[in-house]
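What follows is one structure encoded as structure tokens, with my remarks underneath.
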Amino acid sequence: MQHAEDARPAQTKEIAGWRLAVIFFCLSILLLLSLMDETIVATALVAISIEFNNFQTSLWIVLGYTLTYLGFAVLSYRLADVYGRRLVVLFGAFIFTAFSTLQGVGGSIMYSITIICFPEMSPVRLLPLASSIIGIVLAISGAVGPALGGVITSHSSGDGSWMNPPVAVPTMLVLYFIWPADTEQTRGTNLIHVELSQVDFVGAAPLLLFTTALTFGCQEGGSRAYSWSSPVIVALLAISGILFVALLAWAFALDRLTYFKDTAEILPWRILTDRILLSAITTTLLTGFTGLLLVIQLPIYFQIVNVLSAVESATYTSKLKYRSLY
């Protein structure tokens, strides 16, 4: 079945030359900021838990940040189909810079949209370069982020959010004036109302609830508060399974029923039936476990088990991530 986004004309003007290079550079800066934010928090996690005298729940700082990433990532790219990539990226950068308590929201928007902007805006001959840029930014963030987190933890009483505006604000201004506004052939008389009604908000709900219930059950199961046989943990894991089945059923219904033919689904069923795409997603999921181990667990291990300072812990973590540049 052909859904709304399949029949949609190209949203962005063709951009080339120096303008494309500047836009790619600015998008790389925003992507780097959004990625480093989580690594900085992970390095400072032990210091935060000591400050509040509560290590048991300190991991929820990172988990909550990650769940926020997921929640807004699945919706922001669909909203970018409505309002355009440029506007949504700048909006995410504004939230990330102006509101320290909402950095997870802004970082999620910046990350999810910049990732898709690189291949969308690249000519075919530059697609390998665009993929390489993303990989380099990911590696740099993993190497530099822990080091910054260690320095901030050891030599500053703040959270480091003061570092974002001097970098993000000039980048936003350059993007605003250099990046052409998106163009799109409108359908109907009320574009925003029609387009917003096509976004699959219903599909986003079971996805968010499923990941939250599964994360809470796996994180708290076996802890001092809840054993694995605890009714709370068993119920949460059971609910997460039911929600996962509901998510798959909803994706199947959107694909099969003509009533939903114009819905811009959150989880397209065709992805789940494409062996190549499904294999790529599975590979990304499995490698993501290793990435989270390097970013979150190792700094904690170095500081608690090896009794290293935040700076020393960050040094070891950065060395491991630095090797991925080669």
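The UniProt record's numbering puts the first residue of the sequence shown at 1, with every later residue one more than the last. We put the CB at the ideal spot given by N, CA and C, even for glycine.
Taking 8 Å as the limit between beta carbons, can you name the residues of its chain near residue 108, skipping five residues before and five after?
34, 68, 69, 70, 71, 72, 73, 76, 92
Close Cβ partners of residue 244 (< 7 Å) along its chain, the five nearest in sequence each way excluded
210
Between residue 233 and residue 221, is the Cβ-Cβ spacing less than 7 Å?
yes
Neighbour-count burial assignment, residue 295, 16 or more Cβ in a 10 Å radius:
buried
According to DSSP, what are the bridge partners of residue 264?
199
How long is the line joining the alpha carbons of residue 88 and residue 102, rounded to whole angstroms?
15 Å
From what residue to what residue does the alpha helix (DSSP H) around residue 290 run?
275-292
Between the C-alpha atoms of residue 43 and residue 21, what's the straight-line distance to the nearest angstrom?
33 Å
Thinking just about the alpha-carbon of each residue, which of 304, 82, 39, 45 is nearest to the one in residue 199?
82
Note the first and the last residue of the continuous alpha helix (DSSP H) segment covering residue 18.
17-43
Whole angstroms is fine: what's the gap from residue 230's alpha carbon to residue 215's?
16 Å
Nonlocal neighbours in the same chain, by C-beta distance under 7 Å from residue 164, ignoring five residues either side:
33, 96, 97
Using C-beta distances below 7 Å, list every residue in its chain close to residue 116, excluding the 5 sequence neighbours before and after it, in chain order.
77
Measure the Cβ-Cβ separation of residue 147 and residue 318 and say whether it is below 7 Å.
yes
Using three-state DSSP, classify residue 221 as helix, strand or coil.
strand
How is residue 187 classed by DSSP in three states: helix, strand or coil?
Because residue 187 carries a pLDDT of 32, less than 50, the predicted location of this residue cannot be relied on, and no value is offered for it.
Own chain partners of residue 27 with C-beta closer than 8 Å, once the 5 adjacent residues on each side are dropped
89, 114, 117, 118, 175
Buried versus exposed call for residue 39 [16 or more other C-beta atoms within 10 Å across all chains shown]
buried
Taking the straight line between their C-alpha atoms, what separation do you get for residue 58 and residue 128?
40 Å
Which term fits residue 153, buried or exposed, when burial requires 16 or more other beta carbons within 10 angstroms of its beta carbon?
buried
Proximity of residue 327 and residue 266 at Cβ, strictly below 7 Å
Past the boundaries of the shown model lies residue 327; the chain is included only from 1 to 326, so the question cannot be answered.
Is the CB-CB distance between residue 331 and residue 141 below 7 Å?
Residue 331 falls outside the range modelled here, since the chain spans only 1 to 326, and no answer is possible.
Kindly identify the DSSP beta-bridge partner or partners of residue 259.
In the DSSP output, where bridge partners are listed per residue, residue 259 has none listed.
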